[in-house]
Each structure stands twice: as C-alpha cells, then as structure tokens.
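Q: Per the working numbering, the very first residue in the sequence shown carries number 493; after that it's consecutive.
We put the beta carbon where it would ideally sit given N, CA and C, even for glycine.
Just so we're clear, the structure is a prediction, and the values are computed from it rather than from any experiment.
Shown below is the structure under consideration.
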Amino acid sequence: MFFDERARDAVVRMILAKDQSGRDAALEEMLPFQEQDFEDLFDAMDGKPVIMRLIDPPMHEFLPPYHELLEDVVKLRITAPDSDELKEKEVLLEAVSGMWEVNPMMGLRGCRAGIMYPGLTEMQTRAYVQAACRCAKRGVDVHPEVMIPLVGHVNELKLEREKLETVAKQVMEEEGVEVPILFGTMIEVPRAALTSAEIAQHAQFYSFGTNDLTQMTYGYSRDDAEGKFLLQYVDRGILPVNPFQSLDQVGVGRLVEMCVEEGRAVNPDLEIGICGEHGGDPDSIDFCYRSGLDYVSCSPYRVPVARLAAAQSVIQHG
493 MFFDERARDA
503 VVRMILAKDQ
513 SGRDAALEEM
523 LPFQEQDFED
533 LFDAMDGKPV
543 IMRLIDPPMH
553 EFLPPYHELL
563 EDVVKLRITA
573 PDSDELKEKE
583 VLLEAVSGMW
593 EVNPMMGLRG
603 CRAGIMYPGL
613 TEMQTRAYVQ
623 AACRCAKRGV
633 DVHPEVMIPL
643 VGHVNELKLE
653 REKLETVAKQ
663 VMEEEGVEVP
673 ILFGTMIEVP
683 RAALTSAEIA
693 QHAQFYSFGT
703 NDLTQMTYGY
713 SRDDAEGKFL
723 LQYVDRGILP
733 VNPFQSLDQV
743 GVGRLVEMCV
753 EEGRAVNPDL
763 EIGICGEHGG
773 DPDSIDFCYR
783 SGLDYVSCSP
793 YRVPVARLAA
803 AQSVIQHG
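What follows is the structure in structure tokens.
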C-alpha cells in the first residue's frame with residue numbers, strides 16, 4: 493500500500509518531514525487510499541479474518557536509490573546548477589545518505605519504524621479500523637487483526653499495542669460501532685522466540701516470520717547467501733536442504749517449539765501460525781502441525797499444495 497502510486501509522493505514527504513506537523517499532513521493524505529483498500533479487503537473476506545501486518549520494510553526502500561540520486565545531482569550541478577530540480581534532488585540525496593544502513597534488514601524497520609516515526613502505524617490502524625467499522629455498518633462480518641512485526645523485546649510490543657489500541661477505541665467511538673479486534677505479533681527475531689513467556693502476556697496471536705527468523709538464527713543474509721554459497725552448501729552436503737525453502741527443524745524449529753510451548757503456558761488461547769514460503773513446503777507444514785501451530789500462510793500459487801500437505805499431516809499424526 494505504501495508503494496501505491498496514489499500515495500507515493502505522500503510517503504516520501506512523510507519520510508522527509510522536518511517536523512511532526514509535516515509528517516502528520518503527509519500521513520493524513522495517505523489515509524483515505526488505505527482505508528478504501530481495507531474496505532475492499534473486508535468486503536472480499538466477509539466472515540473471515542483479515543490480518544494486517546503493519547509496515548515492515550526499511551524506510552529507505554521508499555526513496556530513490558543512493559547511487560541513482562548521486563548521479564543525477566552531479567549531472568544537474570553541471571547542466572542546471574540553479575534549477576529547482578537540483579535542490580529537490582539534493583534534499584533527497586541528503587535524506588537517503590542519512591538513512592543509509594550497513595544491514596538495513598536488521599535496522600530501522602518493522603515495529604522500530606512505528607516507534608521512531610510517530611503517527612505512522614497509528615495512521616495504518618486508523619485506516620484499518622475505520623474500514624472495519626464502516627463495513628460492519630453495511631452488514632459485512634468483519635474480523636480485524638493487527639500484527640506488529642519484528643518485535644525483539646516485550647517493551648516494543650507493549651508500546652505499540654497500547655497506542656494502537658487507543659487509536660482503535662477512538663475510531664470505534666467516532667464511528668458509533670464496536671468490532672472485535674485482536675493484536676498480535678510476528679516472531680522473527682530469535683530473542684522474541686526465547687522470551688515468549690513475556691511476549692505472550694501482551695499478544696493475542698503469533699505468526700512466525702520464518703524467512704527473517706531463519707536469516708537471524710543462521711546469521712545468513714538471504715540475498716547474499718543464496719547467490720554466493722548457500723546452494724553450494726547444499727550441493728556439497730554441508731546443509732541437507734536450503735533452509736529458506738524447507739524449515740530447519742533442528743535449529744530454527746527448536747526456537748519455534750520453545751516459543752509455542754512457553755507462549756501457550758502463559759496464554760493457552762494463543763493462536764499461532766507461520767507466514768512465508770515455508771508455509772507452502774510440505775515438510776515444513778508437517779513440522780508446524782506436529783509443533784501445535786493452528787495454520788500456515790503462503791503465497792497463492794502454493795495454497796493447493798499446502799492444503800494437501802496439511803491434510804496428510806492430520807491423517808498421519810491424528
């Protein structure tokens with residue numbers, strides 16, 4: 493939704509804003525587009541849950557690439573040194589330079605962005621709950637759930653959930669209708685899995701983000717590893733399979749099992765699933781069933797395989 497061309501300029505202005513009023517104005521411009529998209533989702537999913545994962549990518553992904561901007565600025569300094577375009581490009585270049593990270597996938601993204609950019613996840617939640625309320629008033633059976641990504645410490649979850657619950661309640665009062673809403677988190681950071689007993693006290697559901705959990709557990713950068721050594725590791729028998737294609741049940745899987753056991757000991761009603769390509773892999777699905785997960789989520793083209801694998805696991809293990 494943030495890459496949507498209708499709102500792209502507003503996203504850039506939100507990131508570049510020098511003060512909160514400028515950021516709020518940009519966020520306010522994005523809200524109606526997101527609200528309408530959410531209404532369409534609730535209409536299509538009438539009677540079924542709709543889980544909204546809050547914004548997850550690093551912020552720099554919404555801005556032009558650094559080297560492309562640098563090239564433009566150098567050319568404009570020669571060909572049009574007094575142009576407005578040069579001034580705009582220089583502002584962008586300064587912003588992109590300031591946001592540069594050595595490892596952006598472990599940097600300012602997920603719940604960290606929600607904490608550090610005031611108003612960002614509040615806008616998403618307002619649009620989402622507003623859409624749920626308006627659909628409910630039209631007779632649509634809505635089941636909204638908000639998923640807070642990349643939590644590594646319970647205080648991150650507490651902080652985000654408290655402020656977003658406040659927004660949700662405020663919207664329901666404004667709309668004059670109440671809808672049931674759940675707040676949960678993605679388990680992507682190993683520390684979150686290891687401190688599940690704390691996190692489960694503040695989450696109504698978990699979803700394992702197994703791509704990130706695998707990256708951080710192995711210490712692999714997926715984009716680099718698959719191109720440079722990971723496939724050779726599999727060919728040479730160093731690894732039995734590519735852990736990004738089939739879940740590592742011994743290492744990553746142990747974190748999953750610990751997290752499920754300790755989370756449910758605190759919160760027996762905790763709904764738990766996974767999302768990512770592992771959710772379409774038969775061996776991974778079988779492991780998820782044996783580990784007590786409630787569901788898997790995968791890309792659309794893998795749904796038939798996932799359904800078949802889930803059915804086979806139920807038959808095999810009872």
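Mark ALA536 as exposed unless 16 or more other C-beta atoms lie within 10 angstroms of its C-beta, in which case mark it buried.
A: As a working note, residue 536 is residue 44 in the sequence shown. Exposed.
Q: Measure the alpha-carbon distance for ASP704 versus THR571 and round it to whole angstroms.
A: Position 212 of the sequence shown holds residue 704. Position 79 of the sequence shown holds residue 571. Spanning the two alpha carbons is a distance of roughly 44 Å.
Q: I'd like to know whether the C-beta atoms of SER699 and GLY743 end up nearer to each other than 9 Å.
A: For this step, residue 699 is matched to residue 207 along the sequence shown. For this step, residue 743 is matched to residue 251 along the sequence shown. The answer is no: Cβ separation not under 9 Å.
Q: Which of the three DSSP states, helix, strand or coil, is assigned to GLY743?
A: Working through the sequence shown from its first residue, we reach residue 743 at position 251. In the structure shown, GLY743 sits in coil (DSSP, three-state: anything other than H, G, I, E or B).
Q: Quick one: is the Cβ of VAL726 within less than 8 Å of any heavy atom of the ligand MN?
A: The ligand content of the structure shown is nil, which means the ligand MN is not present either.
Q: Going by other Cβ atoms of all chains shown within 10 Å of its Cβ, with 16 needed for buried, is LEU723 buried or exposed?
A: Position 231 of the sequence shown, counting from 1, holds the residue named residue 723. So LEU723 ends up on the exposed side.
Q: Which residues bound the alpha helix (DSSP H) around TYR725?
A: On the sequence shown, position 233 is the one that residue 725 refers to. Looking at the DSSP string, the run of the alpha helix (DSSP H) that includes TYR725 is 722–727.
Q: Which word fits ASN647, buried or exposed, when buried means at least 16 other C-beta atoms lie within 10 angstroms of its C-beta?
A: Here residue 647 refers to the residue found at position 155 when the sequence shown is read from its first residue. It is exposed - the Cβ of ASN647 has fewer than 16 other Cβ atoms within 10 Å.
Q: Going by the DSSP bridge assignment, what does GLU635 pair with across the sheet?
A: By 1-based counting over the sequence shown, the position of residue 635 is 143. The question names Glu, but residue 635 in the sequence shown is His. In the DSSP output, where bridge partners are listed per residue, HIS635 has PRO541.
Q: Are the beta-carbon atoms of PHE554 and MET544 separated by less than 9 Å?
A: For this step, residue 554 is matched to residue 62 along the sequence shown. For this step, residue 544 is matched to residue 52 along the sequence shown. The answer is no: Cβ separation not under 9 Å.
Q: My assumption, with CB atoms under 8 Å, is that LEU585 sits in contact with LEU612. Please give the rounded CB distance.
A: By 1-based counting over the sequence shown, the position of residue 585 is 93. By 1-based counting over the sequence shown, the position of residue 612 is 120. At roughly 23 Å, the Cβ-Cβ gap does not stay under 8 Å, so LEU585 and LEU612 are not in contact.
Q: Do the region 709–716 and the region 769–786 make contact, defined as three or more Cβ pairs closer than 8 Å?
A: Because the criterion of three Cβ pairs below 8 Å is not met, the region 709–716 and the region 769–786 do not touch.
Q: Assuming VAL634 contacts ALA624 (C-beta within less than 8 Å), just tell me the rounded distance between them.
A: As a working note, residue 634 is residue 142 in the sequence shown. As a working note, residue 624 is residue 132 in the sequence shown. Contact flag correct, Cβ pair sits at about 5 Å.
Q: Within its chain, find whatever has a CB closer than 8 Å to the CB of GLN804; leave out the 5 residues flanking it on each side and keep chain order.
A: Here residue 804 refers to the residue found at position 312 when the sequence shown is read from its first residue. Taken in chain order, the residues that qualify are PRO774, ASP778.
Q: Going by the beta-carbon positions, is the gap between VAL788 and HIS809 smaller than 9 Å?
A: Taking the sequence shown and counting its residues from 1, the one referred to as residue 788 is at position 296. Taking the sequence shown and counting its residues from 1, the one referred to as residue 809 is at position 317. Not a contact, by the Cβ cut-off of 9 Å.
Q: Distance check for TYR620 and GLU521, CA to CA, integer angstroms please.
A: On the sequence shown, position 29 is the one that residue 521 refers to. On the sequence shown, position 128 is the one that residue 620 refers to. Using only the alpha carbons, I get a separation of about 15 Å.
Q: Please classify PRO641: is it buried, with 16 or more other beta-carbons within 10 angstroms of its beta-carbon, or exposed?
A: For the purposes of this step, residue 641 is taken as the residue at position 149 of the sequence shown. Classification of PRO641: buried, given that the 10 Å Cβ count is 16 or more.
Q: Identify every run of the alpha helix (DSSP H) within the region 544–577, keeping only runs that are complete inside it and at least 4 residues long; order them along the chain.
A: Runs found: 558–571.
Q: Measuring only the C-alpha atoms, how far is GLU665 from GLU657?
A: Stepping through the sequence shown from its first residue, residue 665 is reached at position 173. Stepping through the sequence shown from its first residue, residue 657 is reached at position 165. Taking the straight line from one Cα to the other gives about 12 Å.
Q: Work out the CA separation of VAL632 and LEU600 for me, nearest whole Å.
A: Position 108 of the sequence shown, counting from 1, holds the residue named residue 600. Position 140 of the sequence shown, counting from 1, holds the residue named residue 632. So the alpha carbons of these two residues sit roughly 37 Å apart.
Q: Taking 8 Å as the limit between beta carbons, can you name the residues of its chain near GLY745, skipping five residues before and five after?
A: The residue labelled residue 745 in the question sits at position 253 within the sequence shown. Closer than 8 Å at Cβ, skipping near neighbours: LEU739, PHE779, SER783.
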